[in-house]
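J.:
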Ligand code: BLA
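In UniProt numbering, the protein residues as written are 5 to 514.
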């Protein structure tokens, strides 16, 4: 594992963000063994309990908590469901003459981890009841896009953060801001893309287990967890900690953006991280544990509703693919040659497989639309395509990698999907996609005045966007599984059509 001082922009993926040894100062952490002796404590414990950290390590927890509180905590420990479960107690009277506290309870290895924050709510479940009507609203969404818009607006109402973004991951782990609400004076990030490295792999993996994190004060003090290493020689694993202090690299990123507080909630689809609801506040902002729990529940419900809406959309896409098939077949029945229907045909396909350009070479004719090569440039590409399997479609989103002459097709073409529709000579129907970096532009103020931290200007959204553009240079929007399946079934349809047309043409001659 890397030591904190050795982490830089080149090795972020190896930073052990679950073992940084600190908590944020708005709460304190106490870990105990199975027989309730204190094994770890954050050095700010004196701000929450009338004790010194050094005096209580190795002693019983009962020195800090009254018997009723201990009993309640024990009870919760018994119902912990699974290794990554966290139980919560709100508004608990933990000790004589102390203010009520909210307590998070979870297991880390063999330790029981307790995290205490002063209650900011009455513990009456008011926060959860706020989420209820929001769920009804989410359910009413007509599409995934509308759902995500509703989600960011409701999150703003629930949390009061200055900016709420829905950050969606792509197959290559880059991210896109697909929905956003923001304080009117702030620059908008919607539509922008960021490279996978902005949220490194271990962070994405952690966010599948632990669904919410808040950074209450980007410049706030952190409190060290003592001892640094336990008797087993390892630091306490804080993966599931609600107070976990976050990576200094990420803090620098937030500071460079002028952000004072950040919170993000995982959006999962079937257990896999699909996206994040990412929230910024321009000044420090702490939300009560009860509110954070309500927000986490909101995220869970959003995840389920989203899965449903995405599945509905996938179903609709399948149905559209079927209707393209029917449309094509009816044209054949009417005896119209395919070549005369190129526009109608490509329009129909666009509903199922979005494209930037299309060509058809069938029976010696050549037709093209949109971002497409000339007949001559295509002739050369066709020889390349003839080397692929005749019995299946061929697709790539990085043509230049396999076809060095890609540049000759036109500077923008990066993706092709070729559907062979006859054998010898091979006829093709081909769709083209534009290089993606050229389809997304930075809309914001290019040089917001920031004083970059020790790692320089790289840790800003502007530079992240530029980094993403570099990563995707020469690639198009990928062809999805569903699109490829639709293309494969379209190939069968097209072959059938061409056979019928040639059949009827030869019958006409007879
Ligand atoms: C974490 N990076 C994150 C998080 C987000 C981003 C949303 C989740 C933590 C949170 O809730 O704040 C990224 N935030 C963005 C992006 C925008 C934004 C892209 O607002 C755009 C508007 N970060 C980098 C680089 C590295 C890096 C280059 O940009 C490393 C080389 C590291 N980001 C990094 C780490 C975490 C992180 C380590 C995990 C923080 C943690 O949970 O401890």
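Even glycine gets a Cβ: it sits at the ideal position worked out from N, Cα and C.
Mind checking whether residue 402 and residue 422 have CB atoms under 8 Å apart?
T.: no
J.: With distances taken Cα to Cα, identify the nearest neighbour of residue 173 among 153, 351, 272.
T.: 272
J.: Quick one: any contact between the segment 14 to 33 and the segment 197 to 215, if contact means 3 or more CB pairs under 8 Å?
T.: yes
J.: Does chain D have any CB closer than 8 Å to the CB of residue 50?
T.: Absent from the structure is chain D; it holds one protein chain and no more.
J.: Quick check on the DSSP output: the alpha helix (DSSP H) that includes residue 42 runs from which residue to which?
T.: Segment 42 to 46 is the beta strand (DSSP E) holding residue 42; no alpha helix (DSSP H) there.
J.: Since residue 65 and residue 42 are thought to touch, with beta carbons under 8 Å apart, how far apart are those beta carbons, to the nearest angstrom?
T.: Between residue 42 and residue 65 the Cβ distance is about 6 Å, and since that is below 8 Å, they are a contact.
J.: Can you list, in chain order, the residues of its chain with a C-beta nearer than 8 Å to that of residue 156? Leave out the 5 residues immediately preceding and following it.
T.: 168, 169, 170, 183, 184, 185, 281
J.: Excluding the 5 residues flanking residue 177 on each side, which residues of the same chain have their C-beta closer than 6 Å to its C-beta?
T.: 200
J.: Determine whether the beta carbon atoms of residue 362 and residue 374 lie at a separation below 8 Å.
T.: yes
J.: Buried or exposed for residue 480, please, with buried defined as at least 16 other CB atoms from any protein chain shown within 10 angstroms of its CB.
T.: buried
J.: What would DSSP say about residue 308, mapped onto helix, strand or coil?
T.: Residue state, collapsed to three classes: helix.
J.: Please classify residue 348 as buried or exposed, where buried requires at least 16 neighbouring CB atoms within 10 angstroms.
T.: exposed
J.: Extract the residue ranges of the alpha helix (DSSP H) inside the segment 347 to 431, only unbroken runs of 4 or more that lie entirely within it.
T.: 379 to 389, 403 to 406
J.: Does any heavy atom of the ligand BLA sit closer than 7 Å to the C-beta of residue 174?
T.: no
J.: Pick helix, strand or coil for residue 83, following the three-state DSSP scheme.
T.: helix
J.: Can you determine whether any heavy atom of the ligand BLA sits closer than 7 Å to the C-beta of residue 193, and answer yes or no?
T.: yes
J.: Need the endpoints of the alpha helix (DSSP H) that residue 139 sits in, please.
T.: If you look at residue 139, you'll find it in the alpha helix (DSSP H) that goes 130 to 143.
J.: Return the first residue and the last residue of the beta strand (DSSP E) that residue 469 is part of.
T.: Looking at the DSSP string, residue 469 is not in any beta strand (DSSP E); the run it does join, the alpha helix (DSSP H), is 465 to 475.
J.: Would you say residue 399 and residue 356 are within 8 Å of each other, going by their C-beta atoms?
T.: The Cβ-Cβ distance between residue 399 and residue 356 does not fall below 8 Å.
J.: Please say whether residue 478 and residue 404 have beta carbons closer to each other than 8 Å?
T.: yes
J.: Determine the closest residue to residue 309 out of 95, 154, 56, with distance taken between C-alpha atoms.
T.: 154
J.: Between the beta-carbon of residue 165 and the beta-carbon of residue 26, is there less than 8 Å?
T.: no
J.: Sorry if obvious, but does the Cβ on residue 203 come closer than 7 Å to a heavy atom of the ligand BLA?
T.: yes
J.: Please specify which runs of the alpha helix (DSSP H), each continuous and at least 4 residues long, are wholly inside the segment 183 to 251, giving them in chain order.
T.: 205 to 213
J.: So what does DSSP say about residue 263, is it helix, strand or coil?
T.: coil
J.: If we call anything under 8 Å between Cβ atoms a contact, is residue 274 one with residue 248?
T.: Between residue 274 and residue 248, the gap from beta carbon to beta carbon reaches 8 Å or more.
J.: Cβ atoms of residue 225 and residue 527: under 8 Å apart, would you say?
T.: Outside the displayed range of the chain (5 to 514) lies residue 527, so it cannot be described from this structure.
J.: When burial is assigned at 16 or more other CB atoms within 10 Å of the CB, is residue 17 buried or exposed?
T.: exposed
J.: Are three or more beta carbon pairs between the segment 72 to 91 and the segment 50 to 57 nearer than 8 Å?
T.: no
J.: Given this structure, state the Cα-to-Cα distance separating residue 414 from residue 437, to the nearest angstrom.
T.: 11 Å
J.: Does the segment 497 to 506 come close enough to the segment 315 to 332 that 3 or more CB-CB pairs lie under 8 Å?
T.: yes
J.: Are there 16 or more other CB atoms within 10 angstroms of the CB of residue 276, so buried, or fewer, so exposed?
T.: exposed
J.: Would you kindly check if the distance between the Cβ of residue 94 and the Cβ of residue 294 is under 8 Å?
T.: yes
J.: Where does residue 75 sit, in a helix, a strand or coil, going by DSSP?
T.: helix
J.: In terms of residue numbering, what span does the alpha helix (DSSP H) encompassing residue 36 cover?
T.: Where residue 36 is concerned, there is no enclosing alpha helix (DSSP H), although the beta strand (DSSP E) it sits in stretches over 31 to 36.
J.: Buried or exposed for residue 189, please, with buried defined as at least 16 other CB atoms from any protein chain shown within 10 angstroms of its CB.
T.: exposed
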